[in-house]
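In the working numbering, the protein residues as written are 46 to 931.
All C-beta atoms, glycine included, are put in the ideal place defined by N, C-alpha and C.
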């Protein structure tokens, strides 16, 4: 099966490299018996048809079952469409050898490159041969080829790629081609073929046209002819009637195939077009495809088109552009971007801006958000600089970027729109700007906008973690005294300033909750109290969920009980309101709250359920999806499911890089690096971690800094540099404590386990410091016992630390006892990888056949999770068994 497509220079449909290829796919499906075509249908065929409506010409597409919910979120619809195309191509490839051929890729777009990358990306891509053809002299300026090079450079694609340069013909080949075209091999033909081979410069097109020129010339002497292609074209132009020349110029200006009816309209009834077409076909200046009403006409070859276009005076070019634009306008079926481009080339900027904006709306409806953003940018550029529509275009441009996941690029546009907006609208636009900066990981820029914004709505930004903690204590007291009661009021009956104050708190909470949790919690509490005061039910439910999660994260019995009750209240409100966004959000938040309590599998299940609801029913959920990804990967890390962790982190990282989403990109890079250490690639993991965190905010100590510190510590321990690991932790520990991040119980367990591992490993490597370092490890164990001794993972971590201390002291009985406790606790928490490491240490301590059997059992379990070197990984997580680690 060969599916062919082609890009056109002036064509501007979304996914232009795939537009005609999907046309080819549609023709293939329509030729198949219905039962065979139906067997190829992917689950997401309707999302695919939304992007490529031509597929709706296939009867089985219209008859295919639909999902229960059609997702209104455009990013999710695009993912489903990409997944649908990948699946249908895979099904074809499973049945027949499959070749995709895309010509003129130099004129393709970035969206096409990303779609191609999604189709070919691991795991288990369709088995196909892709043939991409492009002009080498335009490769450097091609958006599609540049994006493909970037994706291959990042190993997002890792296929067998062969670059075949189709160079000039050799003299022998050119002579043979000329003789074949002459159709004879006599002495004059051989002389003419030799001359053509010399003059053609190895171009097959030149050979063909020079042979035709010789065949139609009265002279056999090539010296009397202009043997350049430009000369041949100019010679034929002189033979044309005025009507034929006008028709040819219009085609050259159009730069793409045109329907014959459209050409006639653009010519304005000038002359006999049918006679002109006949003359142009006879001279091999144009060619037609199709029949009757579907027939199209275009220049015979791109080089001919370019040569003709270069002969047209500027004023005449503008006239042709205007004629084409107006003919397309009348047709009612025009590619709006092409209309815009023709009006712009005709010098009519305002009409061009109108159509660029309309084309942007159409691109967004087809889920080509990057293209929509580019078109809104053109509409803004072509509009009068102080025109009344500029503010609206800025907002639409920013919205398109948000839908494309390019939130950081959207923020400055909201700020620009705010400059000319009314005071009330300006506050809302600045709120959006601050939120988009924060959720895209540009924390410093977001906080810079947030501070004066808070002041404008009579709120303040806590200047230090300590002040944020004081705010939390005050608001907790206020909430306890006030209670959770409220009088529900519809949004339209609440003052605009009151709503804005709640929404500004929500934006700050969204942006900071999983970065700077102490400030995020402070804004969550403030927002909840304000929402209760004004009585807007959806904002109340949202606030209950976020505050409940933060309370549960503190880990004390009372905070867990109170936080659980708040999350349940939020879920009840969401169900009563029948609001799918709130239902999905509260499930995700409940899942993350379960992560903080060490209920890893429950957390995964709840997060996945919440994400499914949001993807099916809600739009504009990029931040919610990112938070869910982060939570899921944190759970996978603790569960030790590193194979799955790496796959999900790689896919997330690729999406984030495409969108320029620093927030997601840094999280994904850090989780990916953690998994790479387990695969034995500590140096690579360290390099990626440092590169990621270097791009992050350096103002304060965040969740991201802690995970980066953990990865670097693991890298040091893995390569046998325990003292470097300890020194780094000791140096950064004051920043960890000053951030108050250890107030979140699961982070306290994570950080103290890391600190104790580095201390025990360093104690075994530096005899003179053993006592001091073991005391540090023992203090960490004691602190964990006090704060987390009532949870399975806390008890297990304490036991693992004490086992390492006992082993360092040579206390075999205590070592065995603590290892048994660690295994029991890790298994109860579902942390099978950690349990396997403790089991391996137990086998080493027991020795003999029993010990060997336990080691073998542990190694098998670790390898199933992708651990390349179980012995070395165990030394990283459970150090202190010096005699076994030598």
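Sequence-distant residues of the same chain with beta carbon closer than 7 angstroms to residue i, five excluded per side
i: residue 594; result: 608, 612, 634, 637, 638
i: residue 234; result: 224, 227
i: residue 931; result: Note that residue 931 scores a pLDDT of 49, beneath 50, so its modelled location is shaky and nothing firm can be said.
i: residue 310; result: 372, 375
i: residue 47; result: 144, 146
Residue-level contact to chain D via CB, residue i, 8 angstroms cutoff
i: residue 76; result: The question asks about chain D, but that chain is absent: this structure has only one protein chain.
Neighbourhood of residue i by C-beta distance below 8 angstroms, restricted to the same chain and skipping five residues each side
i: residue 108; result: 83
i: residue 863; result: 844, 845, 847, 848, 851
i: residue 676; result: 633, 636, 637, 640, 648, 652
i: residue 771; result: 803, 804, 806, 807, 818
i: residue 230; result: 224
i: residue 459; result: 439, 440, 443, 474, 475, 477, 478, 481
Outcome for residue i when other beta-carbon atoms lying within 10 angstroms are tallied against a minimum of 16
i: residue 535; result: exposed
i: residue 115; result: exposed
i: residue 926; result: buried
i: residue 306; result: exposed
i: residue 201; result: Low confidence applies here, because residue 201 scores a pLDDT of 49, under 50, leaving its location unreliable; read the following figure in that light. By the neighbour-count rule (16 or more Cβ atoms within 10 Å), residue 201 is buried.
i: residue 358; result: exposed
i: residue 631; result: buried
i: residue 758; result: buried
i: residue 603; result: exposed
i: residue 549; result: buried
i: residue 176; result: exposed
i: residue 103; result: buried
i: residue 840; result: buried
i: residue 842; result: buried
i: residue 782; result: exposed
i: residue 327; result: exposed
i: residue 79; result: exposed
i: residue 158; result: buried
Pick from the options that is closest to residue i, judged by C-alpha positions
i: residue 341; options: 381, 299, 382; result: 299
i: residue 165; options: 133, 186, 140; result: 133
i: residue 674; options: 662, 708, 642, 644; result: 708
i: residue 143; options: 792, 49, 292; result: 49
i: residue 663; options: 650, 623, 353, 678; result: 623
i: residue 353; options: 276, 372, 773; result: 276
i: residue 799; options: 923, 214, 598; result: 923
i: residue 205; options: 771, 112, 197; result: 197
i: residue 733; options: 64, 767, 695, 705; result: 695
i: residue 887; options: 875, 112, 876, 901; result: 901
i: residue 833; options: 517, 599, 190, 171; result: 599
i: residue 620; options: 658, 642, 330, 605; result: 658
i: residue 627; options: 596, 775, 582, 492; result: 582
i: residue 917; options: 302, 238, 776, 722; result: 722
Whole-number beta carbon distance between residue j and residue i, since they are thought to touch under 8 angstroms
i: residue 850; j: residue 822; result: 6 angstroms
i: residue 829; j: residue 797; result: 5 angstroms
i: residue 390; j: residue 480; result: The Cβ separation is near 39 angstroms, so there is no contact.
i: residue 870; j: residue 838; result: 7 angstroms
i: residue 288; j: residue 317; result: 6 angstroms
i: residue 474; j: residue 463; result: 4 angstroms
i: residue 126; j: residue 412; result: 6 angstroms
i: residue 244; j: residue 296; result: Actually they do not touch by this definition, with Cβ atoms about 27 angstroms apart.
i: residue 574; j: residue 512; result: Contact doesn't hold; Cβ gap of about 18 angstroms is too wide.
i: residue 510; j: residue 784; result: 6 angstroms
Residues of its chain near residue i, where Cβ-Cβ distance is below 6 angstroms and the 5 sequence neighbours each way are ignored
i: residue 87; result: 129, 132, 133
i: residue 405; result: 417, 420, 421
i: residue 368; result: 311
i: residue 614; result: 589
i: residue 333; result: 340, 342
i: residue 755; result: 799
i: residue 54; result: 152, 300
- request: With a floor of 4 residues, list each alpha helix (DSSP H) that falls wholly inside the segment 847 to 892, ordered by position along the chain.
  value: 857 to 873, 877 to 891
At which residue ranges does the segment 543 to 597 contain complete alpha helix (DSSP H) runs of 4 or more residues, listed in the order of the chain? 562 to 579
- Message: Suppose only complete runs of 3+ residues qualify. What are the beta strand (DSSP E) ranges in the segment 721 to 793, listed by chain order?
- Response: Counting only runs that start and end inside the segment 721 to 793, there is no beta strand (DSSP E) element of at least 3 residues.
Contiguous alpha helix (DSSP H) assignments of at least 4 residues, all confined to the segment 404 to 453:
414 to 427, 435 to 448
| query | Can you list, in chain order, the stretches of the alpha helix (DSSP H) that have 4 or more residues and sit fully within the segment 49 to 94? | reply | Segments of the alpha helix (DSSP H) lying fully in the segment 49 to 94: 61 to 76, 79 to 84.
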